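What follows is a set of notes on a single structure, which appears directly below.
Numbering (the numbering used here), first residue to last: 26 to 357.
Below is the structure:
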(Lines of atoms letter the chains of each structure in order from A; the text may use other names.)
(Lines give C-alpha, C1' and ligand atoms only; values in the text may rest on other atoms or scores of the structure.)
Protein backbone atom coordinates (compact mmCIF):
# COMPACT_ATOMS: atom_id res chain seq x y z
CA UNK A 26 0.00 0.00 0.00
CA UNK A 27 1.45 3.35 -1.07
CA UNK A 28 1.40 6.01 1.61
CA UNK A 29 0.26 9.59 1.02
CA UNK A 30 3.04 11.85 -0.19
CA UNK A 31 3.90 15.44 0.77
CA UNK A 32 1.99 17.81 -1.50
CA UNK A 33 1.85 21.22 0.14
CA UNK A 34 4.40 23.01 2.32
CA UNK A 35 3.74 25.83 4.78
CA UNK A 36 6.81 28.04 5.17
CA UNK A 37 7.19 30.70 7.85
CA UNK A 38 10.36 32.64 7.34
CA UNK A 39 13.19 30.15 6.70
CA UNK A 40 11.44 27.22 8.40
CA UNK A 41 9.15 24.55 6.94
CA UNK A 42 6.47 24.86 9.62
CA UNK A 43 3.83 22.40 8.38
CA UNK A 44 3.42 19.77 5.69
CA UNK A 45 0.20 18.46 4.09
CA UNK A 46 0.26 15.03 2.44
CA UNK A 47 -2.23 13.36 0.15
CA UNK A 48 -3.10 11.34 -2.92
CA UNK A 49 -3.89 12.46 -6.47
CA UNK A 50 -4.74 10.83 -9.80
CA UNK A 51 -4.96 12.11 -13.37
CA UNK A 52 -7.01 9.77 -15.56
CA UNK A 53 -7.71 9.64 -19.30
CA UNK A 54 -10.96 8.92 -21.11
CA UNK A 55 -10.21 5.19 -21.23
CA UNK A 56 -9.90 5.07 -17.45
CA UNK A 57 -6.13 4.72 -17.52
CA UNK A 58 -3.97 6.55 -15.00
CA UNK A 59 -1.76 9.11 -16.70
CA UNK A 60 -0.06 10.25 -13.48
CA UNK A 61 -0.56 9.53 -9.81
CA UNK A 62 0.78 10.56 -6.45
CA UNK A 63 0.44 8.50 -3.29
CA UNK A 64 -2.06 5.64 -3.52
CA UNK A 65 -4.54 5.68 -6.43
CA UNK A 66 -6.57 2.98 -4.69
CA UNK A 67 -7.03 4.98 -1.48
CA UNK A 68 -10.72 4.82 -0.57
CA UNK A 69 -12.40 8.13 0.17
CA UNK A 70 -15.69 9.91 0.54
CA UNK A 71 -15.82 12.29 -2.43
CA UNK A 72 -18.16 14.54 -0.47
CA UNK A 73 -19.41 17.49 -2.53
CA UNK A 74 -16.91 16.90 -5.34
CA UNK A 75 -19.37 14.24 -6.60
CA UNK A 76 -22.39 16.51 -6.97
CA UNK A 77 -22.32 16.40 -10.77
CA UNK A 78 -22.60 12.60 -10.46
CA UNK A 79 -25.52 12.88 -8.07
CA UNK A 80 -27.17 15.26 -10.54
CA UNK A 81 -26.97 12.85 -13.49
CA UNK A 82 -30.34 11.13 -12.80
CA UNK A 83 -32.01 14.54 -12.65
CA UNK A 84 -31.18 14.93 -16.34
CA UNK A 85 -31.20 11.34 -17.62
CA UNK A 86 -34.64 10.66 -16.12
CA UNK A 87 -36.20 13.48 -18.11
CA UNK A 88 -37.06 15.38 -14.91
CA UNK A 89 -34.92 18.40 -15.82
CA UNK A 90 -36.60 18.71 -19.21
CA UNK A 91 -40.08 18.09 -17.80
CA UNK A 92 -39.76 20.97 -15.33
CA UNK A 93 -37.95 23.25 -17.76
CA UNK A 94 -34.67 23.49 -15.88
CA UNK A 95 -32.01 25.66 -17.49
CA UNK A 96 -28.26 25.84 -17.12
CA UNK A 97 -28.52 27.94 -13.94
CA UNK A 98 -30.49 25.23 -12.14
CA UNK A 99 -28.12 22.54 -13.41
CA UNK A 100 -25.14 24.53 -12.11
CA UNK A 101 -26.86 24.87 -8.73
CA UNK A 102 -27.51 21.12 -8.67
CA UNK A 103 -23.71 20.71 -8.81
CA UNK A 104 -22.99 23.56 -6.38
CA UNK A 105 -21.69 24.08 -2.88
CA UNK A 106 -22.80 27.68 -2.87
CA UNK A 107 -22.23 30.50 -0.39
CA UNK A 108 -25.88 31.14 0.42
CA UNK A 109 -25.73 34.54 -1.25
CA UNK A 110 -28.92 36.20 -2.45
CA UNK A 111 -28.20 35.14 -6.03
CA UNK A 112 -28.12 31.51 -4.83
CA UNK A 113 -31.05 31.46 -2.42
CA UNK A 114 -33.33 33.41 -4.76
CA UNK A 115 -32.79 30.91 -7.55
CA UNK A 116 -33.24 27.91 -5.26
CA UNK A 117 -36.44 29.36 -3.79
CA UNK A 118 -37.81 30.11 -7.26
CA UNK A 119 -36.95 26.56 -8.32
CA UNK A 120 -38.74 24.79 -5.47
CA UNK A 121 -41.69 27.18 -5.75
CA UNK A 122 -41.96 26.15 -9.40
CA UNK A 123 -42.32 22.57 -8.13
CA UNK A 124 -45.19 23.64 -5.88
CA UNK A 125 -42.98 23.04 -2.83
CA UNK A 126 -41.39 25.14 -0.10
CA UNK A 127 -38.31 25.33 2.10
CA UNK A 128 -39.92 22.80 4.46
CA UNK A 129 -39.71 20.13 1.75
CA UNK A 130 -35.91 20.33 1.64
CA UNK A 131 -33.98 17.87 3.80
CA UNK A 132 -30.55 19.50 3.82
CA UNK A 133 -30.92 21.43 7.10
CA UNK A 134 -30.36 25.10 7.84
CA UNK A 135 -26.96 26.75 7.58
CA UNK A 136 -25.71 30.25 8.29
CA UNK A 137 -24.61 31.55 4.86
CA UNK A 138 -20.91 31.89 4.11
CA UNK A 139 -21.70 34.95 2.02
CA UNK A 140 -20.92 37.90 4.31
CA UNK A 141 -23.63 40.31 3.02
CA UNK A 142 -26.26 37.57 3.34
CA UNK A 143 -25.05 36.63 6.81
CA UNK A 144 -25.00 40.26 7.95
CA UNK A 145 -28.52 40.81 6.60
CA UNK A 146 -29.82 37.93 8.70
CA UNK A 147 -28.02 39.13 11.82
CA UNK A 148 -29.16 42.74 11.41
CA UNK A 149 -32.80 41.72 11.08
CA UNK A 150 -32.58 39.00 13.75
CA UNK A 151 -33.67 36.32 11.28
CA UNK A 152 -32.62 32.68 11.28
CA UNK A 153 -31.20 31.06 8.16
CA UNK A 154 -33.45 28.73 6.19
CA UNK A 155 -32.61 25.53 4.32
CA UNK A 156 -32.16 27.43 1.05
CA UNK A 157 -29.07 28.99 2.67
CA UNK A 158 -27.52 25.53 2.99
CA UNK A 159 -24.62 25.20 0.55
CA UNK A 160 -26.21 21.97 -0.77
CA UNK A 161 -29.70 23.37 -1.34
CA UNK A 162 -29.28 23.32 -5.13
CA UNK A 163 -28.44 19.62 -5.07
CA UNK A 164 -31.46 19.03 -2.85
CA UNK A 165 -33.70 21.04 -5.17
CA UNK A 166 -32.53 18.62 -7.86
CA UNK A 167 -33.38 15.68 -5.61
CA UNK A 168 -36.85 17.16 -5.02
CA UNK A 169 -37.36 17.59 -8.77
CA UNK A 170 -36.49 13.97 -9.41
CA UNK A 171 -38.68 12.89 -6.47
CA UNK A 172 -41.67 14.71 -7.94
CA UNK A 173 -40.95 13.34 -11.42
CA UNK A 174 -40.89 9.78 -10.05
CA UNK A 175 -43.94 10.31 -7.82
CA UNK A 176 -41.81 9.07 -4.92
CA UNK A 177 -42.19 9.63 -1.18
CA UNK A 178 -40.83 12.88 0.32
CA UNK A 179 -37.93 11.42 2.33
CA UNK A 180 -35.59 11.50 -0.64
CA UNK A 181 -32.43 11.33 1.51
CA UNK A 182 -33.20 7.78 2.64
CA UNK A 183 -30.55 5.46 1.15
CA UNK A 184 -33.33 3.12 -0.04
CA UNK A 185 -35.28 5.92 -1.73
CA UNK A 186 -35.52 5.74 -5.55
CA UNK A 187 -33.60 9.04 -5.84
CA UNK A 188 -30.62 7.71 -3.87
CA UNK A 189 -30.74 4.37 -5.64
CA UNK A 190 -30.53 6.27 -8.93
CA UNK A 191 -27.62 8.30 -7.57
CA UNK A 192 -25.79 5.11 -6.56
CA UNK A 193 -26.38 3.55 -9.99
CA UNK A 194 -24.94 6.67 -11.63
CA UNK A 195 -22.02 6.73 -9.20
CA UNK A 196 -21.04 3.12 -9.86
CA UNK A 197 -21.47 3.56 -13.61
CA UNK A 198 -19.13 6.54 -13.95
CA UNK A 199 -16.53 5.35 -11.42
CA UNK A 200 -16.67 1.83 -12.92
CA UNK A 201 -16.54 0.47 -9.39
CA UNK A 202 -18.92 -1.16 -6.96
CA UNK A 203 -19.08 1.22 -4.03
CA UNK A 204 -18.29 -0.61 -0.76
CA UNK A 205 -20.65 1.59 1.23
CA UNK A 206 -21.66 5.11 2.17
CA UNK A 207 -21.57 7.68 4.93
CA UNK A 208 -24.09 10.40 5.66
CA UNK A 209 -22.94 13.76 4.35
CA UNK A 210 -23.30 17.11 6.08
CA UNK A 211 -26.52 17.71 4.13
CA UNK A 212 -27.95 14.31 5.28
CA UNK A 213 -27.73 12.60 1.86
CA UNK A 214 -25.72 9.38 1.41
CA UNK A 215 -22.17 9.92 0.17
CA UNK A 216 -20.82 6.85 -1.59
CA UNK A 217 -17.28 5.53 -1.08
CA UNK A 218 -14.93 5.24 -4.05
CA UNK A 219 -11.25 4.87 -4.78
CA UNK A 220 -9.39 7.97 -5.86
CA UNK A 221 -8.78 6.25 -9.21
CA UNK A 222 -12.52 5.68 -9.53
CA UNK A 223 -13.25 9.34 -8.86
CA UNK A 224 -10.63 10.49 -11.38
CA UNK A 225 -12.02 7.96 -13.88
CA UNK A 226 -15.48 9.46 -13.37
CA UNK A 227 -14.17 12.98 -13.98
CA UNK A 228 -12.43 11.80 -17.18
CA UNK A 229 -15.72 10.22 -18.27
CA UNK A 230 -17.41 13.60 -17.78
CA UNK A 231 -14.53 15.30 -19.61
CA UNK A 232 -14.99 13.09 -22.69
CA UNK A 233 -18.82 13.13 -22.62
CA UNK A 234 -18.99 15.71 -25.41
CA UNK A 235 -17.61 13.08 -27.81
CA UNK A 236 -20.47 10.65 -27.18
CA UNK A 237 -24.15 10.73 -28.09
CA UNK A 238 -25.79 8.39 -25.56
CA UNK A 239 -28.33 9.86 -23.14
CA UNK A 240 -26.11 9.67 -20.06
CA UNK A 241 -23.17 11.31 -21.81
CA UNK A 242 -25.35 14.11 -23.15
CA UNK A 243 -26.62 14.67 -19.62
CA UNK A 244 -23.06 14.78 -18.29
CA UNK A 245 -22.02 17.28 -20.94
CA UNK A 246 -24.92 19.56 -20.05
CA UNK A 247 -23.88 19.54 -16.40
CA UNK A 248 -20.23 20.30 -17.21
CA UNK A 249 -21.26 23.14 -19.51
CA UNK A 250 -23.56 24.53 -16.82
CA UNK A 251 -20.72 24.57 -14.26
CA UNK A 252 -18.34 26.27 -16.69
CA UNK A 253 -20.98 28.80 -17.79
CA UNK A 254 -22.01 29.75 -14.24
CA UNK A 255 -18.93 29.51 -11.98
CA UNK A 256 -20.47 32.08 -9.62
CA UNK A 257 -23.37 29.70 -8.92
CA UNK A 258 -21.15 26.67 -8.30
CA UNK A 259 -19.50 28.38 -5.32
CA UNK A 260 -19.51 32.20 -5.12
CA UNK A 261 -17.30 35.08 -4.07
CA UNK A 262 -14.40 34.70 -3.27
CA UNK A 263 -14.24 30.90 -3.48
CA UNK A 264 -11.59 28.82 -5.23
CA UNK A 265 -13.99 26.89 -7.51
CA UNK A 266 -15.43 30.13 -8.88
CA UNK A 267 -12.09 31.92 -9.16
CA UNK A 268 -10.26 29.04 -10.85
CA UNK A 269 -13.01 28.35 -13.39
CA UNK A 270 -13.18 32.02 -14.32
CA UNK A 271 -9.41 32.14 -14.74
CA UNK A 272 -9.44 29.07 -17.01
CA UNK A 273 -12.05 30.73 -19.28
CA UNK A 274 -14.09 27.64 -20.08
CA UNK A 275 -11.25 25.14 -20.30
CA UNK A 276 -12.25 23.11 -17.24
CA UNK A 277 -14.77 22.63 -14.46
CA UNK A 278 -13.50 22.19 -10.92
CA UNK A 279 -15.31 21.24 -7.74
CA UNK A 280 -14.24 21.00 -4.13
CA UNK A 281 -15.56 18.67 -1.47
CA UNK A 282 -15.36 18.75 2.30
CA UNK A 283 -12.27 17.34 4.02
CA UNK A 284 -9.95 18.54 1.25
CA UNK A 285 -11.18 16.69 -1.81
CA UNK A 286 -10.88 18.44 -5.18
CA UNK A 287 -11.69 17.32 -8.74
CA UNK A 288 -11.22 18.76 -12.21
CA UNK A 289 -12.98 17.96 -15.50
CA UNK A 290 -10.90 18.96 -18.54
CA UNK A 291 -12.85 18.47 -21.80
CA UNK A 292 -10.14 19.75 -24.20
CA UNK A 293 -7.67 17.15 -22.92
CA UNK A 294 -10.32 14.54 -22.00
CA UNK A 295 -8.71 14.22 -18.58
CA UNK A 296 -10.09 13.89 -15.08
CA UNK A 297 -8.29 14.85 -11.88
CA UNK A 298 -9.05 13.84 -8.31
CA UNK A 299 -7.07 14.61 -5.18
CA UNK A 300 -7.45 14.17 -1.45
CA UNK A 301 -5.38 15.83 1.27
CA UNK A 302 -5.38 13.34 4.11
CA UNK A 303 -5.56 15.84 6.98
CA UNK A 304 -8.62 17.54 5.47
CA UNK A 305 -7.01 20.99 5.09
CA UNK A 306 -8.76 23.17 2.50
CA UNK A 307 -5.78 25.48 2.09
CA UNK A 308 -3.75 22.47 0.96
CA UNK A 309 -6.33 21.06 -1.48
CA UNK A 310 -6.74 24.48 -3.11
CA UNK A 311 -2.96 24.82 -3.48
CA UNK A 312 -2.56 21.27 -4.83
CA UNK A 313 -5.35 21.50 -7.43
CA UNK A 314 -4.00 24.85 -8.61
CA UNK A 315 -0.54 23.35 -9.03
CA UNK A 316 -1.94 20.47 -11.09
CA UNK A 317 -3.96 22.86 -13.26
CA UNK A 318 -0.78 24.88 -13.88
CA UNK A 319 1.15 21.71 -14.73
CA UNK A 320 -1.56 20.70 -17.21
CA UNK A 321 -1.27 24.06 -18.96
CA UNK A 322 -4.71 25.34 -17.94
CA UNK A 323 -3.39 28.22 -15.85
CA UNK A 324 -0.20 30.28 -16.02
CA UNK A 325 1.98 30.68 -12.96
CA UNK A 326 1.86 34.45 -13.37
CA UNK A 327 -1.95 34.60 -13.22
CA UNK A 328 -3.06 36.64 -10.16
CA UNK A 329 -5.67 33.97 -9.37
CA UNK A 330 -2.93 31.34 -9.22
CA UNK A 331 -1.08 33.51 -6.72
CA UNK A 332 -4.07 33.30 -4.35
CA UNK A 333 -3.59 29.57 -3.87
CA UNK A 334 -0.14 28.52 -5.11
CA UNK A 335 2.79 30.19 -3.38
CA UNK A 336 0.20 32.31 -1.62
CA UNK A 337 1.56 34.66 1.05
CA UNK A 338 0.89 34.03 4.72
CA UNK A 339 -0.28 37.37 6.05
CA UNK A 340 -0.49 38.14 9.74
CA UNK A 341 -3.05 40.41 11.45
CA UNK A 342 -1.14 43.49 10.29
CA UNK A 343 -0.96 42.19 6.71
CA UNK A 344 2.75 41.51 7.00
CA UNK A 345 3.93 38.66 4.77
CA UNK A 346 5.35 36.00 7.09
CA UNK A 347 5.71 33.07 4.71
CA UNK A 348 3.92 31.13 1.98
CA UNK A 349 1.78 28.12 1.05
CA UNK A 350 3.68 26.19 -1.62
CA UNK A 351 3.11 23.02 -3.64
CA UNK A 352 5.87 20.45 -3.48
CA UNK A 353 7.93 20.14 -6.65
CA UNK A 354 6.45 16.73 -7.41
CA UNK A 355 3.15 18.39 -8.40
CA UNK A 356 4.89 20.71 -10.87
CA UNK A 357 5.70 18.30 -13.68
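The beta carbon of each residue, even a glycine, is placed where N, CA and C say it ideally should be. If you're wondering where the values come from, they're calculated on a predicted model, not measured in any experiment.
C-beta contact flag for residue i and residue j at 8 Å
i: residue 284; j: residue 306; result: yes
i: residue 159; j: residue 106; result: yes
i: residue 251; j: residue 322; result: no
i: residue 301; j: residue 63; result: no
i: residue 49; j: residue 268; result: no
Assigned secondary structure, residue i (DSSP; H/G/I helix, E/B strand, else coil)
i: residue 207; result: strand
i: residue 154; result: coil
i: residue 334; result: coil
i: residue 31; result: strand
i: residue 216; result: strand
i: residue 199; result: helix
i: residue 173; result: helix
i: residue 45; result: strand
i: residue 146; result: helix
i: residue 166; result: helix
Spatial distance of residue i from residue j (CA atoms)
i: residue 146; j: residue 241; result: 41 Å
i: residue 297; j: residue 149; result: 43 Å
i: residue 364; j: residue 342; result: The chain is shown from 26 up to 357; residue 364 falls before or after that span and cannot be answered.
i: residue 261; j: residue 333; result: 15 Å
Opposing strand residues paired with residue i [DSSP bridges]
i: residue 37; result: 40, 347
i: residue 83; result: Looking at the DSSP assignment, residue 83 forms no beta bridge with any residue, so it has no partner.
i: residue 50; result: 61, 298
i: residue 288; result: 278, 297
i: residue 68; result: 219
i: residue 317; result: None, per the DSSP bridge assignment.
i: residue 339; result: 345
Proximity winner among the options, relative to residue i (alpha-carbon distances)
i: residue 80; options: 354, 190, 140; result: 190
i: residue 124; options: 309, 270, 171; result: 171
i: residue 254; options: 274, 243, 313; result: 274
i: residue 210; options: 349, 73, 49; result: 73
i: residue 71; options: 192, 357, 53, 174; result: 192
Closer than 7 Å: residue i CB and nearest the ligand PLP heavy atom
i: residue 215; result: Looking for the ligand PLP in the displayed structure turns up nothing, as the structure carries no ligands at all.
Minimum Cβ-Cβ distance from residue i to chain B less than 8 Å
i: residue 298; result: You won't find chain B in this structure, because it holds only one protein chain.
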